[in-house]
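Remember, our numbering sits 66 above the position in the first sequence when you count from 1. Data first, discussion second: the structure below is written as structure tokens.
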Amino acid sequence: MEEMSNFIKTIMINDLESGKVKAILTRFPPEPNAYLHIGHARAIITNFELAESFGGETNLRFDDTNPAKEDVEFVEAIKKDIEWLGYHPAKVLFGSDYFDKTYELAVALIKKGLAYICDLTPEETSKYRGDFNTAGVESPYRNRSVAENLELFSNMRAGKYKEEERVLRAKIDMASPNINMRDPILYRILYINHHRTKDKWCIYPMYDFAHPIQDAIEGITHSLCSLEYENHRPLYDWVVEKCEMPNVPQQIEFGRLNITNTVMSKRYLRELVNNKLVLSYDDPRMPTLVGLARRGYTPESIKNFVKASGLSRINSTIEGEMLEHFLREDLKLKANRLMAVVEPLKVVITNYDEGKVEYLEAANNTENEELGTRKIAFSRHLYIDKNDFVIEKPDKRYKRLALGLEVRLFHAYFIKANEVIYDADGNIGEIHCTYDPETKSGSGFNERKPNGTIQFVEASTAIPATFNLFDTLVIDNPGDNRSFLERFNPDSWIIKPGFVEGVRKNFAVLERFQFVRDGYYAVDKDSNKDRLCFNRIVSLKSAIK
RNA sequence: AGGGCUAUAGCCAAGUGGUAAGGCAACAGGCUCUGACCCUGUCAUUCCGUAGGUUCGAAUCCUACUAGCCCUGCCA
């Protein structure tokens, strides 16, 4: 599990050994325009873990060069998410911190004759750019004098032109097969209040110009980004070279991470929230980090998942089962395992005194003694799960309760089902059982084997709970022609009322239950910290299928 | 169509000339006061997109082909 992102690691090792770099410095550069999701986790974890493995560091730098889309709400949320994952950026920076320097470098480029002010309209610019099969046509403004460019650029900054009236362009090659090199725009005019620099600027650098400069200024050694920036690397390198940055960062691309049956795009997530199909960005159905946290995912489980799933130059779609596996694994020894009943079925212990309640000792986690024990109630009136009872044992593999059979109630006694009481509709209403005092949990009773072990809760002390049954990630049916919003089915989030055992001291009422394939766990509704239960197996398996 | 990139099992993914790691999923069995967990076994038998070639020897080198992804925002 410690081995990850080998191809990048190899590059770093080589650079360190050859003396090209002295220490590794990476950065995570989100644009503060959305909440982070599990896909971003790959970038965060890769950057931090890789740097750390070489004793290096990682900066958090907000890429805020487009004030039209960005907001402080997101920078705060992103900071929290990174903290939640357990990472500590060496520095927290903003692209806008470098606006002065970026401007200076643009001026320097103009002086070198490597950049010019272009008066073409956006439409004309696009037309002049050509296409995949046609070389671009040089802008008529391409050969303005340095002096004129300098004056025009200064005027741009001073707010003498309207938006879209002029831009600063790099003078590279209009015939390049890489369209990014056909005199890319470096600066555009935007009369928008920036969330940090307010109205100081009315011109803003484009990503392609700002990003390499920011990396170089900070001394970033390896600038990791996703595959779609491959075509931008020549431009990235051009900027670093022509701006004569003393520090030369290296851009390395890697594939994005997707999860099956999950929608990850910012646009769709935003639509879900804006159309109120989910409660908010931290709705448990969302693949955002805050959503996953609310569903009970631990930072460790996400980190282990990302590390184990590796990294390559391929956009991967990993099965959701793998994410769940790492959650189960992480929770296995950490979580207190309480008992719960999703679909309650009344059980009356006919040979137990009415009104008496006894308390039995139960391990909070049978695999981890350190989590201690708790007292659980037992009385004449109990609930078990409907799925744990059938009239007649269907086959030898059936390990639950049936009429005439005996099972162990986990942490308590053997009970034997003697009679089924039907309700007015003819459905199974309750079961009358007898218990055997000699089989008390921990007594070492060994004279006969029960037909399995099931969970229960004591009726008078049980706490009503809400179970979210299918609150998986957002559903996406690829073959369906309807719009994404129409395909999203909020009802896939099935909520069932049930009970959780009610005797415990240190936990608030549990409200949200997340089913993870063969087990489930609950999240404390207030603190979001305590994760409980990892027990009930059978009924959930059948419920999910 | 021009350019760039990628192709290893159902899903991820190691491997860079020496005879296909690992994880998830799946299947079979064992154990069990949770049918979970745990344990055991099976899961690419000349095979690494296809076809050729070089070599004593290739997934790894060469050639050709095929498929997929990205690129014509004053987004990032």
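Cβ coordinates follow ideal geometry from the N, Cα and C atoms, glycine included.
Spatial distance of residue i from residue j (CA atoms)
i	j	result
E504	L467	19 Å
A528	A109	44 Å
Y479	V414	13 Å
K264	M388	45 Å
L180	L345	50 Å
S445	N417	10 Å
T76	P460	57 Å
V473	I457	14 Å
E390	E190	51 Å
S242	Y207	19 Å
L343	F554	8 Å
Y334	S367	25 Å
E83	T112	21 Å
E229	N80	46 Å
V138	L175	32 Å
R195	D239	10 Å
Residue i (DSSP reduced to helix, strand or coil)
i	result
I603	Because I603 carries a pLDDT of 30, less than 50, the predicted location of this residue cannot be relied on, and no value is offered for it.
G386	helix
G518	coil
E142	helix
R195	helix
L290	strand
R649	The structure shown has nothing for residue 649, since the chain only spans 67 to 611.
N297	helix
L82	helix
A359	helix
I183	strand
P333	With the sequence shown as reference, residue 333 is identified as Arg, and Pro is not the correct amino acid for it. Helix.
F565	strand
A525	coil
V305	helix
K373	helix
I111	helix
F573	Confidence in F573 is poor, its pLDDT being 44 and thus under 50, which makes the residue's placement unreliable; the coordinate value appears in the next sentence. F573: coil per DSSP, three-state reduction.
D354	Here residue 354 is Thr; the residue named in the question, Asp, does not match the sequence. It is a strand residue.
L91	strand
N493	coil
V173	helix
Distance CB(residue i)-CB(residue j) smaller than 8 Å
i	j	result
A531	V566	yes
E136	P98	yes
G122	A100	no
H103	P96	no
P350	G357	yes
A276	V306	no
N324	S378	no
L91	I286	yes
S162	D197	no
V212	K237	no
H298	P315	no
L126	M78	no
E385	T328	no
L290	I74	yes
R336	D348	no
R210	Y253	no
Rounded Cβ spacing between residue i and residue j (contact assumed at less than 8 Å)
i	j	result
V233	C309	Not really, about 18 Å apart at Cβ, beyond 8 Å.
I49	R223	An answer regarding residue 49 cannot be provided, because it is not within the stretch 67 to 611 covered by the chain.
I251	R235	5 Å
D274	L301	5 Å
V407	I442	Actually they do not touch by this definition, with Cβ atoms about 13 Å apart.
K412	G495	7 Å
F128	Y153	Contact doesn't hold; Cβ gap of about 15 Å is too wide.
S355	N402	The sequence as given places Leu at residue 355; Ser does not occur at that position. That belief does not hold up - the Cβ atoms of L355 and N402 are roughly 24 Å apart, past 8 Å.
F511	M405	About 20 Å; that fails the 8 Å criterion.
R440	N431	With 8 Å as the limit, R440 and N431 do not qualify as a contact, their Cβ atoms being about 11 Å apart.
K482	L471	7 Å
H498	E485	4 Å
Buried/exposed call for residue i, threshold 16 Cβ in 10 Å
i	result
N370	buried
G362	buried
E217	exposed
T124	buried
N517	buried
A134	exposed
A490	exposed
S507	buried
G638	Outside the displayed span of the chain (67 to 611) sits residue 638, for which this structure offers no information.
N132	buried
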